[in-house]
Amino acid sequence: MAKYIVQKSGPLVGTVEISGAKNAVLPIMAASLLTDEECEILEVPALRDVDAMCKLLHSIGSKVNEDFDNNRIHIKKGNILFNEAPYELVKRMRASILTMGPLLARTGRARIALPGGCAIGARPIDLHLKGFQALGADIEQGHGYVEAKAKKLTGGSVYLDFPSVGATENIMMAAALAEGHTIIENAAEEPEIVDLANFMNKMGAKVKGAGTDTIRIEGVKELRGTKHSVIPDRIETGTFMVAAAITRGDIILKNVVPDHVRPVVAKLIECGVSVEEIEEGIRVRADLKPLVSTDIKTMPYPGFPTDMQPQFMALLTTVKGPSLVVETVFENRYMHVGELNRMGADIKIEGRTAIIQGERKLQGAQVICTDLRAGAAMVLAGLMAEGITEISEIYHLERGYASFAEKFHLLGANIKKVQD
Ligand code: EPZ
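Just so it is clear: in the sequence shown, position 243 is 1197 by this note's numbering, and no numbers are missing.
Below, the structure is given as structure tokens:
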């Protein structure tokens, strides 16, 4: 098993190029199942999760040509469309559930292994299934699988009890080929939803309102292939902005969409970080004045993203003054707290709230990466800790960050990947 060896690094300085968004490319790859024609996707990040989705599409019958050197994948339909996602593939990547909507729309049936929980929470799929039922599907669960069936999908309306990203995406895709009009209320508004809707509309779908809490879809008979460049990854962007902050460095981030990172920028500015939009992208400086604490509450977009909570918490252990973090999206997204405390942080959990004492002198330690974003937080903490930090189980990290160690190394970070 590989691990990262991270040592105390000076201020990170330089330029980093942000890759395409993991959480946009995965639903877009699933949406390619909605057509028999070829789709070409550009700005694809070279990630384990993308590779896993390629394998899943292969198993369903698509012919996928991965060209990671040029950050592109080419998807052609195979002759047969198998409408199942087997457990051995789903257990590797929860986003496999996103093939359910397209398969149901194309073949009238989808049988997917239940994704089960993960480190950050139970991750139920009840809202996905509620949406499929609103379109006329019958749902059956058993033996660790869930099956949706419908002779014909017809437009309907569904109110999402929580603005679930995955449920919004799955229902949008199923509704694209349903007969009639579908309304999704209390829909998720993330930029990745907008990118998926843009991809689908280029295929000939009729999706309106993506990016707002009400999305309307007019079903069409069939969709055609298209070519699409994926948006930059706003969470990778936020992660490197926090890297500049925690090391008191000066980093220019290229290939970014400033609008997508407004909540993270606002919180960094509250801490005393300088964030400037420049020609090439965004410049983040934390070498100008001492940093101070702020409070964070994670919310669905456009609120502060839950996927940035662990990284920001690492920063808050180093600034002046106590901070409060409230995690409202996932019920168990504090697995990184125990690891940070082992490095000398002083963080207490009260229910969904974490109380973080500032100005801690972190010490290097052997820590584990409990989930994708917690792993990023451990790397950030390791950059500031006295001594050596060994981070194991980094496969979680490599699921969601392309060339992570390399990009940090180019900025002057003392990090290397070794085989255990
Ligand atoms: C997406 O997960 C992202 N993954 C997650 O990113 C991200 O943290 C999350 O959205 C929230 O922004 C991808 O896009 C591949 P949700 P998703 O459905 O769709 C509850 C990362 O680090 N819920 O919006 O699974 C659920 O339990 C990953 O890149 C239901 O109750 O998130 C959770 O509490 C981690 N019933 C909340 O909604 C449902 O049917 C948010 O989940 C679905 C969700």
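We put the beta carbon where it would ideally sit given N, CA and C, even for glycine.
For the stretch 1310-1353, the continuous beta strand (DSSP E) assignments of 3+ residues that do not extend past its boundaries occur at 1320-1322 and 1342-1346, in sequence order. At least one heavy atom of the ligand EPZ falls within 7 Å of the beta-carbon of Leu-980. The beta carbon of His-1214 sits no closer than 7 Å to any heavy atom of the ligand EPZ.
The same chain holds no residue with a CB closer than 6 Å to that of Glu-1176 once the five nearest residues on each side in sequence are set aside. The closest CA to that of Asp-1325, considering only Leu-1057, Ile-1014 and Cys-1072, is found on Cys-1072. The way I'd put it, the stretch 979-989 doesn't touch the stretch 1214-1222; fewer than three beta-carbon pairs between them come closer than 8 Å.
Looking at the DSSP output, His-1028 shares a beta bridge with Glu-994 and Asn-1019. Short of 7 Å from the beta carbon of Thr-1282, and not among the five residues preceding or following it, lie these beta carbons of its own chain, in chain order: Lys-1251, Thr-1252, Met-1253 and Arg-1306. Here Gly-1203 is buried. Its C-beta has 16 or more other C-beta atoms within 10 Å. Here DSSP, grouped into helix, strand and coil, assigns Ile-959 to strand. Where Ala-1064 is concerned, the enclosing beta strand (DSSP E) starts and stops at 1063-1067. For Arg-1327, the shortest separation between its Cβ and any heavy atom of the ligand EPZ lies below 7 Å. Residue environment for Gln-1095: exposed (fewer than 16 other C-beta atoms within 10 angstroms of its C-beta). Ala-1367 is positioned such that its CB atom lies closer than 8 Å to that of Ser-963. Three or more pairs of CB atoms, one per stretch, sit closer than 8 Å, so the stretch 1044-1063 contacts the stretch 1003-1012. Counting C-beta pairs with one atom in each stretch, the stretch 1166-1173 and the stretch 1133-1144 have three or more that are closer than 8 Å, which means they touch.
Taking Lys-1009 as the centre and dropping the five residues before and after it, the same chain places the C-beta of Leu-1043 closer than 8 Å to its C-beta, in chain order.
Three or more beta-carbon pairs drawn from the stretch 1077-1084 and the stretch 1112-1129 are found closer than 8 Å, and the two stretches are therefore classed as touching. In the structure shown, Asp-1149 falls within a helical segment according to DSSP collapsed to helix, strand and coil. Taking the Cα positions, Lys-1103 is about 40 Å away from Ala-1330.
Positions of the alpha helix (DSSP H) runs, each at least 4 residues long and wholly inside the stretch 1137-1207, are given as 1145-1156 and 1188-1200 in order along the chain. Counting only the Cα atoms, Leu-1364 lies some 28 Å from Val-1291. If only uninterrupted beta strand (DSSP E) runs of at least 3 residues are considered, those enclosed by the stretch 1109-1133 are 1111-1113. Each residue's CA atom was taken as its position, placing Ile-1301 and Pro-1259 some 20 Å apart.
In this structure, DSSP gives Lys-1009 a helical state, which the three-state scheme calls helix. Minimum Cα-Cα distance from Ile-1342 among the listed residues Gln-1087, Val-1321, Ile-1200 and Pro-1069 corresponds to Val-1321. Residue burial is scored here from C-beta neighbours: Glu-1146 has at least 16 other C-beta atoms within 10 angstroms and is therefore classed as buried. Looking at the DSSP output, Arg-1237 shares a beta bridge with Ile-1206 and Glu-1230. For Asn-1368, the secondary structure class from DSSP, reduced to helix, strand or coil, is strand. In this model, Lys-976 and Val-1246 are separated by some 31 Å (Cα to Cα). Below 8 Å, too few C-beta pairs join the stretch 1021-1032 and the stretch 1059-1072 to call them touching: fewer than three. For Gly-1292, the enclosing alpha helix (DSSP H) stretches over residues 1289-1296. In the displayed model, His-1082 falls within a helix according to three-state DSSP. Secondary structure of Phe-1258 (DSSP, three-state): strand. No Cβ-Cβ contact shorter than 8 Å links Ile-1093 with Val-1112. Under a 10 Å Cβ-count criterion, Pro-1244 is classified as exposed, with fewer than 16 other Cβ atoms of the shown protein chains found around its own Cβ.
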